[in-house]
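Basically this note's numbering = 1-based index in the sequence shown + 1.
Below is one structure, written out as structure tokens, with a few remarks after it.
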Amino acid sequence: MKKLLHLTIALIPVISFAQNEFINRGDLYLQKGALLHVQGAFVNNGGNVKNDGIIETDGDFENKPGSVFGIGADNTSTERAVKFTGSGTQAIKGDFTFSPFYNMVIDKVSYASEVEMQTPVSITGSLVFGTSTIAATYHSNTPQTNHNNKGILKTYNGSTEYLLSIKNGAGDAIAGAAAMSINGNPTTAYILTKGNRGSSEGGVERRIRKTTTYDFPIGTEENGFNGVRINFKTIPAGGGFVRGKFNDGTDDANGFAGIIAPQCSGCSTSNPTPNDRGYSNYFSTSPCSGSPAWFTAANGISDHGYWSFAADANERNYSYVVETFPNSFSNANASVDLMRTIKYDAAYGYNPSAEVWNGFMDSVSASTDLLEYSRNSGTCYTGDGVPGGKYTGMNTHFSMSSGVASNGNVLSAGVVNEGGAVFTISEPMPNPAVNSSKLVITTSVSRAITVKLVDMIGREISSSSYALVSGANTIDFNLSLLANGTYNTIVVADAQIFSKKLFVSNN
């Protein structure tokens, strides 16, 4: 039953309404320490709401056009929050153009329960997941409701995307969000974006005020949580706003979100191009191991997606190191292969998923960054994500590239000198292959190896051990029972791991 209320409330410690709707048409002021709990929807219909306390609602929250919603004059309050505590989907409706939230708290009854934006939303304080969380602007001393189950904030309604803008430039202006981890697959406490490729709408915008780290706890329904952490090294004078979102899938026929074409940098007759399908850069001394090394990047994780980011202005004045935390980090050998977050510079709404990304591979402050900011490259990076940088420019897209950083001196194409012993692995022949293919491995000394065939989601198809003799050795693969697609041939020799892409085309 709807009940119409026209109230002026001041200095009320606790008031609770058990009804389908709380409709405000007058002046409503909540003092610091006061709490208004509505077991239903909160509707501000032509009224004037000033909130220095906490408004809890189990239903929708609506600010109709012409209504005023904001905070009071008590700057000592650490609450000033609208708190969503319902069990089902709760919607944010109406017009908040001149009525931003201060603190928004999401503490739902169930983990995956959503708060759905049906209009653009601005937050001038903090977005907080969970009642017990403390943020730069928010600390509730005596919460009326404490589910501590959190929930998900959804930035779209149907096909329409809306922008979530966090105006507070503090690093913890988003607090209590899911932990940044690879394949963490959290079911709560993050921001759900639409995932439409090529869309210039929506996403999460954060004010960047300092040269520090800012998290974007974002994901999509299709691919789950795919968080991004950006450590800004330089920012424009006075800072600015950076927005980001995750985009599902790709337009590339092979499933890669961005193409890495064959290319070699820093090569010469003594350091020739490796015979691979990706991008390669030779370093006479690796900053991460001290030994000669190749940076070899191939096409990245397939059937995943990419991230889009943009700045509101002065985008070339941003420099940073980025870490992505993918929820699809299950490709063959991802735990040991070199992995790097790469970039493609283009407008926020551009779809680069079928483009060649090589031109931006070296858009770093120094070529050694290719190893220093890559996962599994040695001692340089010890974090938990997939790093990339040092990059400049914030109108950009990010994806992941996989490959191998092979330590050792190059002799000829694909040859690694290991303590005087020469070890060469050919490309799969033929490639693409029909029914069968082979590797030719040449070694100057006898050695034991393991050869595996793994599909692109990490499932092991076969694994065999071989005792190589000095000279050329042929490793055969029977592919007749395999589905068409991309596979990895993995060679493990003397604690080193080598990966070669194999394309199967049986039909």
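Note that the Cβ used here is the ideal one computed from N, Cα and C, for glycine as well.
Limits of the beta strand (DSSP E) - the one that Glu57 falls within: Here residue 57 corresponds to residue number 56 of the sequence shown, with the count starting at 1. Run containing Glu57: 55 to 58, per the beta strand (DSSP E) assignment.
Which residues does DSSP pair with Pro324 in a beta bridge? As a first step, residue 324 is located in the sequence shown; it is residue number 323 there, counting from the start. According to the sequence displayed, residue 324 carries Glu and not Pro. Answer by DSSP bridge pairing, in chain order: Arg230, Pro388.
According to DSSP, is Glu316 part of a helix, a strand, or is it coil? As a first step, residue 316 must be located in the sequence shown, where it is residue number 315. Helix, per DSSP.
Is Leu370 helix, strand or coil when you go by DSSP? Indexing the sequence shown from 1 puts residue 370 at position 369. Checking the sequence shown, residue 370 turns out to be Asp, not Leu. Asp370: helix per DSSP, three-state reduction.
So the beta strand (DSSP E) Gln509 belongs to, where does it begin and stop? No answer is possible for residue 509: it lies beyond the span of the chain, which begins at 2 and ends at 508.
Taking Cβ positions only, does Asn248 come closer than 7 Å to chain B? The question asks about chain B, but that chain is absent: this structure has only one protein chain.
How is the beta strand (DSSP E) around Ala355 delimited, first residue to last? For the purposes of this step, residue 355 is taken as residue 354 along the sequence shown, with counting starting at 1. Segment: none, Ala355 is in no beta strand (DSSP E) and carries neither H nor E.
Can you tell which of Val69, Lys33, Thr134 has the C-alpha that lies nearest to the C-alpha of Asn76? For this step, residue 76 is matched to residue 75 along the sequence shown. Here the closest residue by C-alpha is Lys33.
Specify the secondary structure class of Phe499 as computed by DSSP and reduced to three states. As a working mapping, residue 499 is identified with position 498 in the sequence shown. Phe499: strand per DSSP, three-state reduction.
Would you please state the rounded distance, in angstroms, between the beta carbons of Gly306 and Ala355? I believe it to be under 8 Å. The residue labelled residue 306 in the question sits at position 305 within the sequence shown. The residue labelled residue 355 in the question sits at position 354 within the sequence shown. About 13 Å separates the Cβ atoms of Gly306 and Ala355, ruling out a contact at the 8 Å cut-off.
So what does Cys265 bridge to, in DSSP terms? Residue numbering aside, residue 265 sits at position 264 when the sequence shown is read from its first letter. Looking at the DSSP assignment, Cys265 forms a beta bridge with Ser281.
Can you tell me where the beta strand (DSSP E) with Arg244 in it begins and where it stops? For this step, residue 244 is matched to residue 243 along the sequence shown. Element bounds for Arg244: 241 to 249.
Taking the beta strand (DSSP E) that Ser123 falls in, what are its first and last residues? Stepping through the sequence shown from its first residue, residue 123 is reached at position 122. Unbroken beta strand (DSSP E) run through Ser123: 122 to 124.
Got a sec, what are the start and stop residues for the beta strand (DSSP E) Val468 sits in? Counting from 1 along the sequence shown, the entry for residue 468 is found at position 467. The sequence shown places Ala at residue 468, not Val. 461 to 469 is the extent of the beta strand (DSSP E) around Ala468.
Rounded to whole angstroms, what's the CA-CA distance from Val44 to Glu57? Just pull it up for me. Locating residue 44 in the sequence shown gives position 43, counting from the first residue. Locating residue 57 in the sequence shown gives position 56, counting from the first residue. Rounded to whole angstroms, Val44 to Glu57 spans 12 Å at the Cα level.
Cα-Cα, which of Leu128, Ala484, Leu440 is closest to Lys501? Start at 1 with the first residue of the sequence shown, and residue 501 comes out as number 500. Here the closest residue by C-alpha is Leu440.
In angstroms, rounded to a whole number, what distance separates the CA positions of Gly172 and Thr213? Taking the sequence shown and counting its residues from 1, one reaches residue 172 at position 171. Taking the sequence shown and counting its residues from 1, one reaches residue 213 at position 212. Looking at the two C-alpha atoms, the distance is approximately 7 Å.
CA nearest to the CA of Ala312, picked from Gly240, Lys84, Gly71: Locating residue 312 in the sequence shown gives position 311, counting from the first residue. Checked all of Gly240, Lys84, Gly71; the closest Cα to Ala312 is Gly240.
How about Gly60 and Gly47: do their beta carbons lie closer than 7 Å? Mapped onto the sequence shown, residue 60 falls at position 59. Mapped onto the sequence shown, residue 47 falls at position 46. Contact check for Gly60 against Gly47 fails: the beta carbons are separated by 7 Å or more.
Just tell me which of Ser427, Ser438, Val492 has its CA closest to the CA of Ile450. Position 449 of the sequence shown, counted from the first residue, corresponds to residue 450. When each option's Cα is compared against that of Ile450, the closest is Val492.
So, is Asp346 buried or exposed, given that buried needs 16 or more other C-beta atoms within 10 angstroms? Working through the sequence shown from its first residue, we reach residue 346 at position 345. It counts as buried.
Let me check you understand the geometry: is the CB of Pro433 closer than 6 Å to at least one non-hydrogen atom of the ligand HEM? Of the ligands one can find in the structure shown there are none, so the ligand HEM has no counterpart to examine.
Which partner residues of Ser402 appear in the DSSP bridge assignment? The residue labelled residue 402 in the question sits at position 401 within the sequence shown. Answer is Arg341, bridged to Ser402.
Count the other CB atoms, across all protein chains shown, that sit within 10 Å of the CB of Thr235; report buried if there are 16 or more and exposed otherwise. Counted from its first residue, the sequence shown places residue 235 at position 234. Label assigned to Thr235: exposed.
Please determine, among Ser133, Thr138, Thr125, Ser111, the residue with the shortest C-alpha to C-alpha distance to Gly152. The sequence position of residue 152 within the sequence shown is 151, counting from 1. With distances taken between Cα atoms, Gly152 lies closest to Ser111.
Is the beta carbon of Thr325 less than 7 Å from the beta carbon of Gly386? Start at 1 with the first residue of the sequence shown, and residue 325 comes out as number 324. Start at 1 with the first residue of the sequence shown, and residue 386 comes out as number 385. Closer than 7 Å, so yes.
Within 10 angstroms of its Cβ, does Ala484 collect 16 or more other Cβ (buried), or is it exposed? What you label residue 484 is simply residue 483 of the sequence shown in a count that begins at 1. Label assigned to Ala484: exposed.
Paired residues, beta bridge with Lys84 - DSSP: As a first step, residue 84 must be located in the sequence shown, where it is residue number 83. Answer is Glu57, Val106.
With burial defined as no fewer than 16 other Cβ atoms inside 10 Å of the residue's Cβ, what is the status of Val411: buried or exposed? For the purposes of this step, residue 411 is identified with residue 410 of the sequence shown, where counting begins at 1. Here Val411 scores only 30 on pLDDT, less than 50, and its place in the model should not be relied on; the value that follows carries that caveat. Buried is the call here.
Can you check whether the CB of Lys65 is closer than 7 Å to the CB of Glu117? Taking the first residue of the sequence shown as position 1, residue 117 is located at position 116. Taking the first residue of the sequence shown as position 1, residue 65 is located at position 64. In this structure, Lys65 does not lie closer than 7 Å to Glu117 by Cβ.
Should Val322 be labelled buried (16 or more other beta-carbon atoms within 10 Å of its own) or exposed? Looking up residue 322 in the sequence shown gives position 321. Result: buried.
Have a look at Val452 and Leu482 and give me their C-alpha separation to the nearest angstrom. Working through the sequence shown from its first residue, we reach residue 452 at position 451. Working through the sequence shown from its first residue, we reach residue 482 at position 481. Cα-Cα distance, rounded: 18 Å.
For Phe478, does the three-state DSSP call read helix, strand or coil? Translated into the one-based positions of the sequence shown, residue 478 becomes position 477. Looking at Phe478 - three-state DSSP - the assignment turns out to be strand.
Can you tell me whether Thr244 is buried or exposed, with buried defined as 16 or more other CB within 10 angstroms of its CB? Mapped onto the sequence shown, residue 244 falls at position 243. One detail in the question is off: residue 244 reads as Arg in this sequence, not Thr. Taking every protein chain shown into account, the CB of Arg244 has 16 or more other CB atoms within 10 angstroms, so this residue is buried.
Measuring straight from C-alpha to C-alpha, what distance separates Thr475 and Ile167? Here residue 475 refers to the residue found at position 474 of the sequence shown. Here residue 167 refers to the residue found at position 166 of the sequence shown. Whole-angstrom Cα-Cα distance: 59 Å.
Pairwise C-alpha distance: Ala92 and Thr125: Indexing the sequence shown from 1 puts residue 125 at position 124. Indexing the sequence shown from 1 puts residue 92 at position 91. Going by the C-alpha atoms only, they are around 19 Å apart.
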